[in-house]
Amino acid sequence: MPASSSLTCLIVDDQQTMRSLVRTGLQQLGFRTIYEAPDGEEGLRQMLARPIHLVISDYNMPKLDGLGLLRAIRSHPPIQKTAFIMLTGRADKELVQRAVQFGVNNYLVKPFTVGTLKEKIEAIFGVLA
Amino acid sequence: MSFTSHAQDPAHDAELRKIHVIQGQFHVADGDDVVLTTILGSCVAACIRDTALGIGGMNHFLLPGSTGDEGLRYGVQSMELLLNALLRKGARRERMEVKLFGGAHLFDGLSDVGAQNSAFAEQFVRDEGLNYLGGSLRGDRARRIQYWPVSGRARQILLAPTESKVFATERRQPIAKVEDTGALELF
């Protein structure tokens with residue numbers, strides 16, 4: 100049973116408002132170390148610079164989108180096993196299918212509740228302490 | 018600022034293709050002949066366009082930003098979808114300009130959802146670094162809004178206080194779940 104306070108998370112989204120909402124949800128779940136990036140390029144740069152256990156990434160972003168970030172992570176051996184949750188809209192079933200092909204661990208449909216966020220994370224890491 | 022409060026011009030309006038944006042929806046358009054319209058009480062509509070691309074859109078949200086199960090009725094989701102729709106069509110954040118309307122407080126003694134919606138919308142625009150031109154928020158009257166997405170022109174017609182009361186009463190009916198968004202016209 101992992102302690103959420105021991106997990107580091109990176110939120111990648113071009114909208115600061117959405118990053119804040121995800122951050123608030125993670126903090127309610129006990130996460131203490133949370134980083135943010137406004138696009139996939141910056142997210143990848145941060146992942147190569149510090150240990151990250153979980154990435155929660157939007158799909159629609161400038162420079163490098165969520166799918167591009169996922170593919171980049173899976174092709175970099177030092178970080179390729181990092182857990183990855185994709186944020187999607189309701190009409191993005193095709194995107195989810197492509198993300199699954201590229202090794203996404205789970206997806207989160209917006210809008211979401213903190214309870215759903217918890218379920219998605221626990222499906223990867225097990226029940227959070 | 019190019020929003021006005023005067024009456025419509027019937028001759029000109031006859032040539033326009035009007036698209037009405039109801040609560041919980043958004044619409045993006047790029048035609049010179051298109052005007053996006055909505056009616057707002059405590060709800061807020063964001064009118065956003067790319068000044069170089071000749072494209073713009075309007076949303077209409079019911080409640081301020083939150084994660085939850087009511088979908089587009091929440092401002093944060095509505096704003097994101099409108100922005101993403103514009104970005105997908107080639108718009109760029111640094112060229113976007115925003116006008117905000119609505120957020121009225123129609124009934125004394127009730128919680129001021131309009132003020133919460135207004136504060137959320139203003140905060141969102143600040144946080145996202147968008148160019149906020151202004152608009153018309155708060156007050157105690159419902160509004161009819163028209164927005165030309167190519168030029169960015171906006172027109173506001175304030176409803177009479179009696180109309181505002183009727184409008185607000187209608188809006189206090191139970192709202193549909195997100196699956197029904199777009200299928201229910203409350204006014």
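Protein chains in written order, with the working numbering: chain U, 100 to 228; chain P, 18 to 204. We put the beta carbon where it would ideally sit given N, CA and C, even for glycine. Everything numeric in this text was worked out from a predicted model, so none of it was measured.
Looking at residue j and residue i, is the spacing between their C-beta atoms short of 8 Å?
i, j, result
"Gly120/P", "Ala132/P", "yes"
"Leu186/U", "Asp157/U", "yes"
"Cys64/P", "Gln40/P", "no"
"Arg110/P", "Leu79/P", "no"
"Phe183/U", "Val208/U", "no"
"Leu120/U", "Val93/P", "yes"
"Pro151/U", "Leu109/U", "As written in the sequence, residue 151/U is Ile, which differs from the Pro given in the question. Yes, these two residues count as a Cβ contact at 8 Å."
"Ala102/U", "Ala222/U", "no"
"Leu168/U", "Arg197/U", "no"
"Thr116/U", "Asp67/P", "no"
"Gly129/U", "Met160/U", "no"
"Arg118/P", "Ala62/P", "One detail in the question is off: residue 118/P reads as Phe in this sequence, not Arg. It is a contact, given that the beta carbons lie within the stated cut-off."
"Val226/U", "Gly124/U", "no"
Of all Cβ atoms in chain U, is any one closer than 8 Å to the Cβ of residue i?
i, result
"Val45/P", "no"
"Glu97/P", "yes"
"Val130/P", "no"
"Phe141/P", "yes"
"Glu145/P", "yes"
"Tyr91/P", "yes"
"Gln40/P", "no"
Quick one: which chain A residues come within Cβ less than 7 Å of residue i?
i, result
"Asn101/P", "This model lacks chain A altogether, as its protein chains are U and P."
Nearest by alpha-carbon distance to residue i: which of the options is it?
i, options, result
"Ala108/P", "Asp144/P, Ser95/P, Phe78/P, Pro166/P", "Pro166/P"
"Tyr134/U", "Val226/U, Leu128/U, Gln145/U, Gln127/U", "Gln145/U"
"Gly2/P", "Gly74/P, Gly48/P, Phe124/P, Asp47/P", "In this structure chain P extends from 18 to 204, so residue 2/P is not present and cannot be described."
"Arg158/P", "Lys182/P, Leu104/P, Ala46/P, Thr68/P", "Lys182/P"
"Arg170/P", "His122/P, Gly74/P, Phe43/P, Gln42/P", "Gly74/P"
"Ser95/P", "Val142/P, Leu70/P, Asp67/P", "Val142/P"
"Ala148/U", "Met160/U, Ile172/U, Leu125/U, Leu128/U", "Ile172/U"
"Val51/P", "Thr179/P, Gln163/P, Pro178/P", "Gln163/P"
"Asn204/U", "Leu143/U, Val195/U, Gly124/U, Gln126/U", "Val195/U"
Indicate whether at least one CB of chain P lies closer than 8 Å to the CB of residue i.
i, result
"Pro210/U", "yes"
"Gly139/U", "no"
"Thr181/U", "no"
"Met185/U", "no"
"Leu120/U", "yes"
"Gln126/U", "no"
- Say whether the region 143 to 155 of chain P touches the region 41 to 59 of chain P, bearing in mind that this needs 3 or more beta-carbon pairs closer than 8 Å, one atom from each stretch. no
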